[in-house]
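Structure, as structure tokens:
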Amino acid sequence: MSMDFILAQTVVNGLMVGMIYVLMAIGFTMVFGIMRIVNFAHGEFYMIGAFLFAILYGSNGMPFAVSVLLAIGATALLGLLMERVVFRRFRGNELNGMIASVGVALILQNSALLLWGSSARTVPPVVSGVLSVGGIVFPWSRLVVIIGAIVAVVSLNLLIGHTRIGRAMRAVAQDSEIAQVQGIRVDVIFPAAFVLGVSLAAFAGVLMAPVLSVSPFIGLAPTLKAFVIVVIGGLGSVPGAVVGGLLIGLIESFAGTFVSASLSEILQFLVVIGVVLLRPQGLLGRKEREA
Amino acid sequence: MNPSTTKPMSYAAVAVAVILAVLLPWFAPNQFYIHLATVGCINLMLVLGLAIIARAGQLSMGHGGFALVGGYVSALLSMKGWPPLLTLFIAGLTAAVIAAALGWIILRLRGVYFVLVAFAFSQIAVLLALDMSSITGGANGLVGVPPISIFGYVLRAKPQFYPFALVCALATLLLTWLLYRSPLGTMMAATAENQRLTESSGIDTHRVQVIAFTIGSGIAGFAGALSTHYLRFISPDSYTFWESVSYLTMLVVGGRDGVLGPVVGVLVLTPLPELLRSTEGLQHIIYGTMLVLCLMFVPNGLASLVQTWRSRQRVARTTTAVVAEEVT
Amino acid sequence: MKRFKLVAVLAASVVCSAAQAEDSVTIGVHASFSGAGAAFAEGMLAATDFAAEDVNKDGGLEVGGKRYKILIKQYDDRYRAADAVTAMDRLMIQDGIHFVVGPMGSAAAVATKDQTTSGKVITMTLAFTPRALGADAPFAYRPVITTGEFSDPQVALLAKNTSAKQVVSLLPNDETGQQIGVANFNSYAKAGAKLQVEYFERERVDFVPILTRILMKADGLELGGNSPTTAGLILKQARELGYRGPVFVTGGDVAAEMLKVAGKDAAEGVYVHLPIDIGLPDTAAYVTRFKAKYGQNMNGFSPFFYAGLQMLFTAMKKAGTVDDTTKIATTLDGLSDVPTAMGKAGWTGQQKYGIKHQIDLPFYVGQIKDGVVTKVATCDVNACR
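Residue numbers (our numbering), protein chains in the order written: chain A, 1 to 291; chain B, 1001 to 1328; chain C, 2001 to 2385.
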């Protein structure tokens, strides 16, 4: 294997993993920005999305598009239910909301264990083959993940930037009381934001299921990554989540390729401490208003 | 919370509880109960540590990480021949120093950032324990950690270890109670209540929170070491994220406000897994459900129910007195 | 205040001990039913379940003229050492159990060793750590074959069959992974090849970065010690990176799942460890039975525990007691050529562990050809043929 090949491979891989982290972190940071809830259960929705897709597409042989929509739709419904029953009560109460989300994570993960069993599942690849560019090959299975994630991020950006609900969400994120005064229906925006965040996590799960494996325990690792990313990028900042996600993905890929896998975890922690020391509001975060 | 415990009635209740706890080895049907009680004592210390941090308005999701650090420090030193009674305190001190350094950096941030970074820290602690296998024994952990001995009296068996664990737990309880009543405790509570207001009255809330985090994490380090010398074993899996979650659950279910809350939380949740030990996964679901339900309906914990009941009685008594006065 | 606790536990114990009226022997199952190891725990419980079912079907285990029903009590150790000690205490003290299938993990086995030894409880562990067995633990047995047994003879065979000299291995950074890494390293050194071991965090599912680096100068890939799905994933990702060299999986029961995950083409030519021989009618029957009852593929370790329990029951009958574990252990030690579902079993391990408490069963090496596994050698601890 040549050095070019390795470098290209490392970049593609970093982008793939990074884009998945971006999807996770955007949902996480949105829910925080709008509802002020640190959602420890975020990764469990990723897990459930992946599981549903594995069951529908892998085990029952449903058509691809139907499986994707059903998996995301069902996870979104579950998210709506959780918002209605649990999270809505903790809006604005950061500490209790966070603890409640840990409880939800426990419930979801172990329900999945009881329901679907503990053994890891795999999903047959959606695409196969490799893309060859100037002698360097990239497996299509990974490129599809990158493309899918980019499409999701771009559409989300359009949604937030150019639709009424998007503008309303931004207004609520800035100040929910003022938004309410201006006639924005906050009680619609909160569940909408939560469901959107959960759907992004589920979509990340669906994208990763054919590339990696699915078990009830896959949710915690991406949650941790989402935490690290939003601290680096700035809590509540969507562009920050994109930058932070890609950064972490590339760190992981380069450290894993050239040094060792466990070094990358420690390196990420040091990056976090560095950012916290030098730029506490995160790379692209706003300074907290003094209120 | 605390004013009520100063009443003579409450002193009597506390005395009875302590006597019952001390006498446990004599009326426990077998050693399993003593084992559970010992685990309860260790849990109580960890939850009290968490409660002190919460008292200053912060929440540590990395509590297990400090217990892990303490456990390894004490295990390694005592395996080198240091007396375990000394290494217990060194373990607590090490955890406290790390917490002070980490706290000084991250506590300048808003609550949520602190939680995320503390959580990341505990993950790194597990990772380091796994990777530095030449020192920590890697994933296999450290076996044959020496038992604690006090003036040549070796605490090896359960009935011998329990009194020591009880003394440690009661001492921690007493210290916490004294801390809450001290000026520092008042500053902590004020910081939690309204950080900005407290700051404007000239109190360095950042320092108050760092101190609370340092004390709480130091206790976690000590308790982690204590547990290590009891089980005589430690591995990276001994204190994971889910341990931190279970201490948090005990604190929230019991109540965050005073010293009674942690005691109630530990008493309810230490034996609970035993009822469900034969089931797969179900116990975690019940843990999670309890956590969520408590937050929704009894956000101040089960201990607050006692409080409400008492004040209601007081109100009832006063009303009766008033009525009696009016009649005469 | 401690009284609340007592009442709660008391209530639990009353419920639990209600079932002990008639003559019976209770087997404890001590494993991690929740968490990532749950599939192993279920395999252990299933084995105990089947063994009990078979004995109870014939009216119970006949020992010293009496018939004993076999009961089961399983406890979850939540994959934590502290919980392992608590669960073992409960089995021993609270439930008065003398026989335990478990502990499952190495941490649990090591943490409970003193306890079970002083309580004279016969244990059958899954723990791969060499420290699970020893002269200081005369009641601890291991009915599964570990790297310590199979890696030397297998690696010698593989080194003979291929020309691999620079082999790389990817293993999870946990107790089993680290154990296997060391054992395999030594086995490869003995066979004249160099093994470079790379550990990854357990949660990791993307291996491309590590593979990119380590496959650069490797002429062999060793995947033994990974779960079947992980082994399949690594194989798939390695082939996608263009790796065409030989692949060995000297451990686990991975063939079926690996074929599913990696596909027929990627798996072509891979050498795999075969813990069981489904050519044996009893073993094949066990696999079918498992699938029929639980619907999912059998955990490869499950039949070993069934075989271990068959040996334990034989020893109990022969010793004529169900309480005197010292006598039962001595009898169990003396057993050899016991017919089990896995073939004729005995004990080995004197040289390696200082005590003959490691099960002695044949194992096999297979090679995947065109999506089918064919047996290429039958092995014991000394050599593969």
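Glycine residues also receive a C-beta, built at the ideal position from the N, C-alpha and C atoms.
Top-ranked residue by Cα proximity to residue i, from the options
i, options, result
"serine 2336(C)", "Asn2056(C), Gln2358(C) and Gly2320(C)", "Gln2358(C)"
"isoleucine 37(A)", "Leu52(A), Leu7(A) and Glu94(A)", "Glu94(A)"
"methionine 169(A)", "Pro63(A), Met98(A), Leu267(A) and Gly236(A)", "Gly236(A)"
"threonine 2254(C)", "Ile2097(C), Gly2279(C) and Glu2222(C)", "According to the sequence displayed, residue 2254(C) carries valine and not threonine. Among Ile2097(C), Gly2279(C) and Glu2222(C), the Cα nearest to that of valine 2254(C) is on Glu2222(C)."
"glutamate 297(A)", "Thr1205(B), Leu1077(B), Val1126(B) and Glu1199(B)", "Because chain A spans 1 through 291 in this model, residue 297(A) falls outside it and cannot be assessed."
"phenylalanine 1032(B)", "Phe1161(B), Tyr1072(B), Leu1085(B) and Ile1148(B)", "Phe1161(B)"
"glutamine 1283(B)", "Ser2034(C), Ser2024(C) and Val2029(C)", "Ser2034(C)"
"alanine 105(A)", "Thr1249(B), Ala1157(B) and Leu1226(B)", "Thr1249(B)"
"glycine 148(A)", "Leu200(A), Arg84(A), Ser111(A) and Gly58(A)", "Leu200(A)"
"alanine 2107(C)", "Asp2095(C), Val2085(C) and Phe2207(C)", "Val2085(C)"
"serine 118(A)", "Ala2041(C), Gly2060(C) and Val2182(C)", "Ala2041(C)"
"alanine 2087(C)", "Cys1294(B), Thr1136(B) and Thr1279(B)", "Thr1279(B)"
"leucine 1130(B)", "Val2167(C), Leu2071(C) and Glu2175(C)", "Glu2175(C)"
"isoleucine 2278(C)", "Thr2374(C), Phe2128(C) and Val2197(C)", "Thr2374(C)"
"glutamine 281(A)", "Ala54(A), Ala50(A), Ser253(A) and Gly233(A)", "Gly233(A)"
DSSP beta-bridge partners of residue i
i, result
"isoleucine 2210(C)", "Paired residues: none, contrary to the question."
"aspartate 2360(C)", "Gly2346(C)"
"serine 132(A)", "Val137(A)"
"cysteine 2384(C)", "Cys2379(C)"
"arginine 2142(C)", "Gln2358(C)"
"serine 213(A)", "Thr122(A)"
"lysine 2066(C)", "Val2063(C)"
"phenylalanine 1233(B)", "Val1143(B)"
"glycine 1255(B)", "Looking at the DSSP assignment, glycine 1255(B) forms no beta bridge with any residue, so it has no partner."
"methionine 2124(C)", "Val2101(C) and Tyr2141(C)"
"aspartate 2076(C)", "Ala2031(C)"
"histidine 2273(C)", "Val2365(C)"
Contact with chain B by residue i, beta-carbon distance below 8 Å
i, result
"valine 211(A)", "no"
"tyrosine 2075(C)", "yes"
"serine 111(A)", "yes"
"phenylalanine 194(A)", "no"
Close Cβ partners of residue i (< 6 Å) along its chain, the five nearest in sequence each way excluded
i, result
"leucine 2215(C)", "Tyr2243"
"valine 2155(C)", "Ser2187, Tyr2188 and Ala2191"
"threonine 122(A)", "Ser213"
Residue i (DSSP reduced to helix, strand or coil)
i, result
"threonine 2283(C)", "helix"
"tyrosine 46(A)", "helix"
"serine 253(A)", "helix"
"serine 119(A)", "coil"
"glycine 2371(C)", "coil"
"alanine 71(A)", "helix"
"leucine 159(A)", "helix"
"proline 2172(C)", "strand"
"threonine 2321(C)", "coil"
"alanine 1225(B)", "helix"
"tyrosine 2243(C)", "coil"
"tyrosine 2353(C)", "helix"
"leucine 2071(C)", "strand"
"phenylalanine 2301(C)", "coil"
Any chain C beta carbon closer than 8 Å to residue i
i, result
"alanine 1139(B)", "yes"
"valine 102(A)", "no"
"glutamine 268(A)", "no"
is_contact[residue i, chain A] using C-beta, thresh 8 Å
i, result
"glycine 2232(C)", "yes"
"threonine 2212(C)", "yes"
"arginine 1156(B)", "no"
"glutamine 1123(B)", "yes"
"proline 1299(B)", "yes"
Own chain, CB closer than 7 Å to residue i, minus 5 neighbours either side, in chain order
i, result
"threonine 1214(B)", "Ala1096, Ala1099, Ala1100 and Gly1103"
"valine 31(A)", "Ile37, Asn39, Ala193, Phe194 and Gly197"
"valine 102(A)", "Phe40"
"valine 2287(C)", "Ile2278 and Met2298"
Cβ-based neighbour list, residue i, same chain, cut-off 8 Å, excluding 5 preceding and 5 following
i, result
"alanine 2021(C)", "Confidence at alanine 2021(C) is low in this model, with a pLDDT of 46, below 50, so its placement is unreliable and no value can be given for it."
task: Quick one: which residues of the segment 17 to 29 of chain A get their C-beta closer than 8 Å to a C-beta of chain D? List them in chain order.
output: In the structure shown, chain D does not exist; the protein chains are A, B and C.
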